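Just so you know, the sequences run in chain order V and G.
If you read the first sequence in the numbering used here, its first letter stands for residue 3, the second for the next number, and so on.
If you read the second sequence in the numbering used here, its first letter stands for residue 2, the second for the next number, and so on.
First the structure, in the form of C-alpha cells, and then the observations on it.
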Amino acid sequence: MSYAILSVKNLSVSVGSRSAIKDLNLEVFNNTVFYLLGPNGVGKTTLLRAVIGYPGYTISSGAIYFEGEDVTDKPMEYRVSKGLAIAHQIPPKLVGLRVADLLNMLCKKSGCAVSDVAKDMEITHLLHREFGKGFSGGELKRVEIATLLAQRPRLALVDEPDTGVDVDSIEIIARGLKKLVELSPHKSIVIVTHTAFIARYIEPDVTCILLNGSIARCGDSELLYKVLRYGFKSLA
Amino acid sequence: MGLRAWLEDVRDRASRALSKPSPYGLDVDVSPFLSIPEARAGGKLDVARAEEVGVNLKANAIYIQIDQTYFNYLSRIPGVEVLRIEDFVDQRPDEAQEYFWRLIDPAKDKYTALAALKGRGGYFIRVKKGVKVEEPIMACLFMSYGGLQAPHNIVIVEEGADATVYTGCTIAPEVLGLHVGISEFYVSKNAKLRFIMVHSWNRVAHVRPRTIVSVGEGGEYVSYYVNMARVRTLQTYPVVYLAAEAKAFLASILLGLGDAEIDVGSGVHIHGDNSGAELISRALARDESRIVMRAQIVGEGISKGHIDCRGLMLSEKAFIQTIPELIAKSPNVTLTHEASIGRIAEDEINYLVSKGFSKDEAISALVRGFASIEIKGVPEKVKSYIESIEKVLSEKAL
C-alpha cells in the first residue's frame, strides 16, 4: 500500500527578507528514494531546513505534514523527536567535541553501537578527532551520515551528500544512505543534490526538479538522467 | 656556601623583595599575612572538598597538608619517595642545597618572598631512575582556617623515570586565605613528568602559585591545570626550560565565576635542538569575571612550538583577553599560534538540536567539549579523574 510520509502543501518560506520558496508542493511516499535536484541557489537547502524546522527559515504560508501530523508550527526539537532527521550540507565545527562523544550521545538515545556506525561509514580513525576539525570533504560527509545512522530516523533528509567528495567516499556514503532506507520503517529517503553523482550508486524512484523556489517537474529515474545529459536549462 | 648560608641568603633576598609587585595580576597586600604570629593548628580536612578536586585519599603515595600545621605523607610505591619539604632539607642538606630555591628566585616578587619567609610544608617527591609509575602520586593542600598557606614543592623525576603527580588544592567556604605554592620540578634526561593541578577556591581567596620546571635532554613535561570554582584573584605563570630533544605540553582550563580576576599564563623556553612545546588554554568566563590568558614560547636552535588560546564568553559582563607571544632566536625555529574568543555559536546549538538534542543538552555538550583538552599518553586512571573534573567544571559553567 502506498502512502505519503511527508507532504508539503503550498509552502512559502523566507530567509530574512528574501523569499526563497514559493507555493511549493511535494509528497514523499513510502518505499521511495526521492531525489530533489536543482542548480545552486534555487532553495533546496531552504526547503529541507524548513521541513526540519531549522531556526531562521520562516514559513509565511502553507503546511508541512509528517506521518499525517501537521508539524508546520512545531519546533525543530519536536520534529526530530518524531523521527525526521537532516544531514547538513556543511556541518559546523564543534570545538572540543569529539566525533565519538557525539555518536555516543546519539547512540545512547537510539540504542545503536558507535563501533558499528563507525565501521559502516569507515570513520573509526576519526572517532577521537574534534568534530569537523581538519576533515577532508569526504570525511566530513561520512561523519555527517554517521550521525544520521546513529539517530535511526524514520525519514532522513540528506542535503548534498556528493558535493566536494572523492569517488571512494561517494561509494561509502551511498552505502550509508541505503542503510538509512533500510532503517526507515517507511523504507524511504530524501536526497538533495545538484550534481547527482550519488545517483550512480543509489537509484532514484522519484526525481523532482526545483527551480526558482518551486517544483518545476517530477518524474522517475529517467528525468534525473535527462537532467544529467542536458542540464537544468533544458527544463526551464 | 653551605646549606645554612644558602638559606640565609634566600631569606635575605626575600626580605628585600616584600614590596615588589608581580608584573601580572591584581596586587594583593601581603602585609597582613606577614604579621600573623603562629599558624593555627587543629584544622580538619574536608574530605568531600578534597574528593571534589579529584584527590584519592587512599592513594599509595600521597602528601596531605592542612593549613600550615598538619602534614601527613607516605609512599607505598617502590622507587617513589614522598617527604615533607622540611624533612627533606633536614635529612639531606647537600641535596636540598642543590634543589631548594634553585629554579625560583625568592626575590621574584612579594609572593615568592612571603613564601620564603613564612611558608611551611610542601612535598618532596622523588621518582627514582628508570621507575615508571602508572598510579598518580597524590597531593592535597587544604586551607581550613584561611590566612597564609605557602608550601614549597620539589619534584625530581630521575633519568628514564615516568610519573604523574596530581595535586588538588582547595579551601573551606568563606575563609580568607592567600595560597602561594612554590613548585620546583626537575625532569631528568629521558624522564617524563605529568603534573595535574586542580584548584577549587572560594570567593574571597587569593592564589599565587609560582612554578618553574627544568626538563633535561629527551625529557617530557606534561601539565594540566584546572581552576574549577570561584576565586577572588588568581595569578600564575609557570615557566618550563627545555633542553635538546625535550617536549612540553601545557594545558590550562580556567573557569571564571562571580567577580574573579584571573591572570594565568605559561611560558616555555626551548634551549636545545629538536625540542617542541605546545601551550593550550581555554577560558570560560561567566558573571563579571575577568580572565587574562598569557602564553609565551621562546625558541632557540631547531625547535617547534604552538600556542592555542580560546575563550568562551558566557555572560554579557565578563571579560577575556588572550596574549600569545612567540619569540624566535634562530631561523630554525617554527612557532605558530591561534586564538579566538566568542560565545557559543547559535549554529552549533541548532546543529545539535537538529540531531535530537534539547537546547540545554546542546549547550551542555558544547561547553563540555570546549572545556576538554585531549592529553595524549595519560594513564587510564588519570584520564578518569580528568574527565570527572571536566564534567563538574562544565556544570559549574552553565
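Where is the CB? At the ideal position from N, CA and C, for every residue including glycine.
Values in this document were obtained by computation on a predicted structure and should not be read as measured data.
Burial state of residue i (16 or more Cβ within 10 Å)
| i | result |
| --- | --- |
| TYR232 of chain V | exposed |
| ASP407 of chain G | This structure does not reach residue 407 of chain G, given that chain G is present from 2 up to 399, and the question cannot be answered. |
| ILE37 of chain G | exposed |
| PRO130 of chain V | The sequence given here has His at residue 130 of chain V, not Pro. HIS130 of chain V should be labelled exposed. |
| ASP68 of chain G | buried |
| VAL48 of chain G | exposed |
| GLN92 of chain G | exposed |
| ALA363 of chain G | buried |
| GLY412 of chain G | As displayed, chain G neither begins before 2 nor continues past 399, which places residue 412 of chain G out of reach and without an answer. |
| SER355 of chain G | buried |
| LYS109 of chain G | buried |
| GLU9 of chain G | exposed |
| HIS180 of chain G | buried |
| ALA6 of chain G | exposed |
| GLY131 of chain G | exposed |
| THR337 of chain G | exposed |
Backbone secondary structure at residue i - three-state DSSP
| i | result |
| --- | --- |
| ASN12 of chain V | strand |
| ALA261 of chain G | coil |
| TYR64 of chain G | strand |
| LEU394 of chain G | helix |
| ALA319 of chain G | coil |
| ALA340 of chain G | strand |
| ALA114 of chain G | helix |
| ASP361 of chain G | helix |
| MET240 of chain V | Only positions 3 to 238 of chain V appear in this structure, which leaves residue 240 of chain V out of reach. |
| SER355 of chain G | helix |
| GLU1 of chain V | Beyond the ends of chain V as shown, which are 3 and 238, falls residue 1 of chain V; an answer cannot be given. |
| ASP122 of chain V | helix |
| ILE147 of chain V | helix |
| GLN91 of chain V | coil |
| LYS24 of chain V | strand |
| SER76 of chain G | strand |
| VAL48 of chain G | helix |
| ARG127 of chain G | strand |
| PHE36 of chain V | strand |
| VAL116 of chain V | helix |
| GLN69 of chain G | coil |
| ILE387 of chain G | helix |
| LEU367 of chain G | helix |
| PHE143 of chain G | strand |
| THR2 of chain V | One cannot answer for residue 2 of chain V here, as it falls past the ends of chain V, which runs 3 to 238. |
| THR165 of chain V | coil |
Spatial neighbours of residue i in its chain, beta-carbon cut-off 6 Å, leaving aside the 5 residues before and after
| i | result |
| --- | --- |
| ALA201 of chain V | LEU226 |
| TRP102 of chain G | VAL11 |
| LEU19 of chain G | LYS111 and ALA114 |
| GLY120 of chain G | ALA151 and HIS153 |
| SER282 of chain G | SER253, MET294 and CYS310 |
| LEU255 of chain G | ASN228, ILE263, VAL265, ALA284 and ILE292 |
| VAL241 of chain G | VAL214, TYR222, ALA249 and VAL269 |
| ILE172 of chain G | MET144, GLY178, TRP202, ASN203 and ALA206 |
| ALA158 of chain V | ALA87, LEU150, LEU182 and ILE191 |
| CYS109 of chain V | VAL116 and ALA152 |
8 Å CB neighbourhood of residue i in its chain, flanking five on each side removed
| i | result |
| --- | --- |
| VAL83 of chain G | ALA62, ILE63, TYR64, TYR74, LEU75, SER76, TYR124, PHE125, ILE126 and ILE138 |
Counterpart residues of residue i in DSSP-defined beta bridges
| i | result |
| --- | --- |
| SER224 of chain G | G:PHE196 and G:LEU251 |
| ARG100 of chain V | V:GLU132 |
| GLY277 of chain G | G:LYS248 and G:LYS305 |
| ASP163 of chain G | G:LYS133 and G:LYS193 |
| LEU157 of chain V | V:LEU86 |
| SER4 of chain V | Bridge partners of SER4 of chain V: none, in fact. |
| GLN150 of chain G | G:HIS180 |
Contacting residues, own chain, Cβ-Cβ under 7 Å from residue i (five flanking each side not counted)
| i | result |
| --- | --- |
| GLY169 of chain G | ALA51, VAL54, GLY55, VAL56, CYS141 and VAL199 |
| HIS207 of chain G | VAL29, LEU179, ARG233 and THR234 |
| TYR225 of chain G | ILE197, ALA252, ILE376 and ILE387 |
Proximity test, residue i beta-carbon vs the ligand FAD heavy atom, cut-off 7 Å
| i | result |
| --- | --- |
| ASN214 of chain V | In terms of ligand content, the structure shown is empty, and the ligand FAD therefore cannot be addressed. |
Cβ contact check for the segment 309 to 316 of chain G and the segment 342 to 350 of chain G: 3 or more pairs under 8 Å: yes
Report yes or no: do the segment 182 to 198 of chain V and the segment 150 to 165 of chain V share at least 3 C-beta pairs separated by less than 8 Å? yes
Would you check if there are 3 or more beta carbon pairs closer than 8 Å linking the segment 147 to 164 of chain G to the segment 378 to 397 of chain G? no
Cβ contact check for the segment 98 to 117 of chain V and the segment 73 to 86 of chain V: 3 or more pairs under 8 Å: no
Okay, do the segment 166 to 180 of chain V and the segment 138 to 158 of chain V touch, 3+ Cβ pairs below 8 Å being the bar? As far as the Cβ criterion goes, the segment 166 to 180 of chain V touches the segment 138 to 158 of chain V, which means the pair count is three or higher.
Would you call the segment 380 to 393 of chain G and the segment 114 to 123 of chain V touching, i.e. three or more CB-CB distances under 8 Å? no
Looking at C-beta atoms only, is the number of pairs between the segment 45 to 54 of chain V and the segment 206 to 215 of chain V that lie closer than 8 Å three or more? yes
Cβ contact check for the segment 286 to 300 of chain G and the segment 325 to 344 of chain G: 3 or more pairs under 8 Å: Yes, since at least three Cβ pairs between the segment 286 to 300 of chain G and the segment 325 to 344 of chain G fall closer than 8 Å, the two stretches touch.
Report yes or no: do the segment 274 to 284 of chain G and the segment 243 to 262 of chain G share at least 3 C-beta pairs separated by less than 8 Å? yes
Report yes or no: do three or more beta-carbon pairs, one from the segment 183 to 193 of chain G and one from the segment 210 to 230 of chain G, lie closer than 8 Å? yes
On the three-pair Cβ rule with 8 Å, is the segment 226 to 239 of chain G touching the segment 261 to 272 of chain G? yes
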